[in-house]
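Numbering (the numbering used here), first residue to last: 2 to 494. Where is the CB? At the ideal position from N, CA and C, for every residue including glycine. Just so you know, these numbers come straight off a predicted model, no measurement behind them. Notes follow the structure.
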């Protein structure tokens, strides 16, 4: 079921209309007044993002200090509407240099109107790919002073290229050095009991790719997923040595992936766009490798004292480390005074969230730092209820570690005979957040280039090509020496 949007509005926090576009005549221009009266003025913006007012449905989302509101007069697909908003914001950011707020909209309203006419036709979403739209909408937005300068030049025959079979990639790209960067970024959502047992756990990950290849490469990516390895073993009529395999539950691919070949051969084959893009998303619910174990002990010593002891054990390799570790230990609201003793990092009491916040900048593997704290409470005369202990929250980032065990087996270029290109580095990053409610982490971060896992992936792709070239050079040299020896022998006779 499509969106069939009747109108779209961009509002600031005061409710003023920054930009609006009417796609159908089944709603009036004053529909935004109903949104202000029934939602913004009643302070219901933090509740359900879908409201029905006067026979029309309002889908709204806040991005920075801007509200994006889609008005629909008929039944529509809500998920498709929010997906359109997310992709539209990503498109605007690509034009504005990474910023999307009220100032960016005011500075680029002409460009936004032009994009709104292209990405939606009569209320139905159209092409939202930045790579394609930048071919014929060459007007640059007002960029922030920290953004990079655009280097792309207008492409001739842009209309033919956009409507072609591979509209997301330009023809005639040439690089002096063919390079491919792969990033595997995962987020783990975990619910753990006070005894350290896992109650609920799942992994959401994505494979990011940065491609600088000449021509029209046809790439084939091999992962250690269970279905793909079983299909590969059937085609080769012999078992494949792959080590640990994982089972992907939900997979979403970029539009460049050949889904027909994936359904038949279970391989990820694609013609990549130029530059950086998100190749695939996945989710895993079984076989999750947790890098930490949290062992808390909380004792209530009377009515006015609590003793807190927390031990955090890192179970990953000693050569690896975690970054930005933040552990939030909840305490009662009537906390008056706290005292800490930690073996690593720093700790303090945050009265705004009623938590002891323990921060460790760099957490090495195979270590067990501890926190000991004494909490003094305010004594009250009212009858006290038993304190329900909320779960401990933990946030961290582990470079070169994947909780799912996903790894890259190979990356081939099928359009060349030798398949030679430099797969510079494969980076793995784990972001984790332990909390009671399962949710997806929204903060983006940068992956790290150094680690241990990269050596195996780099050896498989890069050095295998070099080995073939060295062997061929040695073979040619041996043949030349043999021919020279024959000529010398004939001349001597």
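Is it true that the CB of residue j sits closer than 9 Å to the CB of residue i?
i, j, result
"residue 174", "residue 275", "yes"
"residue 326", "residue 349", "no"
"residue 22", "residue 123", "no"
"residue 203", "residue 286", "yes"
"residue 380", "residue 304", "yes"
"residue 220", "residue 414", "yes"
"residue 10", "residue 70", "yes"
"residue 330", "residue 357", "yes"
"residue 128", "residue 138", "no"
"residue 248", "residue 223", "no"
"residue 321", "residue 365", "yes"
"residue 272", "residue 343", "no"
"residue 282", "residue 207", "yes"
"residue 117", "residue 20", "yes"
"residue 295", "residue 193", "yes"
"residue 172", "residue 217", "yes"
"residue 412", "residue 183", "yes"
Can you tell me whether residue i is buried or exposed, with buried defined as 16 or more other CB within 10 angstroms of its CB?
i, result
"residue 437", "Note on residue 437: pLDDT 32, under 50, position unreliable in the model; the coordinate value appears next. Residue 437 should be labelled exposed."
"residue 214", "buried"
"residue 264", "exposed"
"residue 323", "buried"
"residue 135", "buried"
"residue 268", "buried"
"residue 176", "exposed"
"residue 315", "buried"
"residue 408", "buried"
"residue 110", "exposed"
"residue 7", "buried"
"residue 416", "exposed"
"residue 98", "buried"
"residue 354", "exposed"
"residue 1", "Outside the displayed range of the chain (2 to 494) lies residue 1, so it cannot be described from this structure."
"residue 369", "exposed"
"residue 515", "What is shown of the chain runs 2 to 494, which leaves residue 515 out entirely."
"residue 199", "exposed"
"residue 105", "buried"
"residue 15", "exposed"
Identify which residue in the options has its Cα closest to the Cα of residue i.
i, options, result
"residue 1", "4, 36, 28, 6", "No statement about residue 1 is possible, as the shown extent of the chain runs from 2 to 494 and does not include it."
"residue 297", "94, 290, 308", "308"
"residue 181", "133, 277, 167", "277"
"residue 126", "292, 4, 102, 219", "4"
"residue 187", "410, 412, 41, 400", "400"
"residue 406", "396, 191, 185", "185"
"residue 371", "311, 347, 392", "311"
"residue 28", "50, 20, 58, 42", "58"
"residue 390", "409, 299, 347", "299"
"residue 254", "272, 266, 280", "280"
"residue 367", "86, 12, 293", "293"
"residue 225", "40, 31, 42, 403", "403"
"residue 32", "49, 12, 48", "12"
"residue 395", "337, 190, 30, 60", "190"
"residue 67", "201, 178, 211, 107", "107"
Skipping 5 residues on each side, what residues in its chain have a beta carbon closer than 6 Å to that of residue i?
i, result
"residue 132", "169, 274"
"residue 284", "205, 250, 251"
"residue 88", "129"
"residue 77", "4, 5"
"residue 341", "348, 374"
"residue 328", "359, 395"
Excluding five sequence neighbours on each side, which residues of the same chain lie with their C-beta closer than 8 Å to the C-beta of residue i?
i, result
"residue 306", "375, 376, 377, 378"
"residue 90", "64, 69, 101"
"residue 246", "225, 226, 227, 230"
"residue 53", "59"
What does a CB cutoff of less than 7 Å around residue i pick up in its chain, not counting 5 residues either side in sequence?
i, result
"residue 259", "270, 271"
"residue 62", "50, 69, 83, 86"
"residue 334", "355"
"residue 456", "Residue placement at residue 456 is flagged as unreliable, the pLDDT there being 22, under the threshold of 50; the coordinate-derived value follows with that caveat. Same-chain partners within the cutoff: there are none."
"residue 79", "51, 60"
"residue 337", "377, 378, 379"
"residue 473", "Per-residue confidence for residue 473 stands at a pLDDT of 46, beneath the threshold of 50, marking its modelled position as unreliable; the derived number appears in the next sentence. None."
Alpha helix (DSSP H) runs contained entirely in the segment 9–71, provided each spans 4 or more residues:
32–36
In chain order, each alpha helix (DSSP H) run of at least 4 residues that lies wholly inside the segment 261–301
none
If you scan the segment 296–358 from start to end, which runs of the beta strand (DSSP E) of 3 or more residues do you find wholly inside it?
306–315, 322–331, 336–343, 347–351
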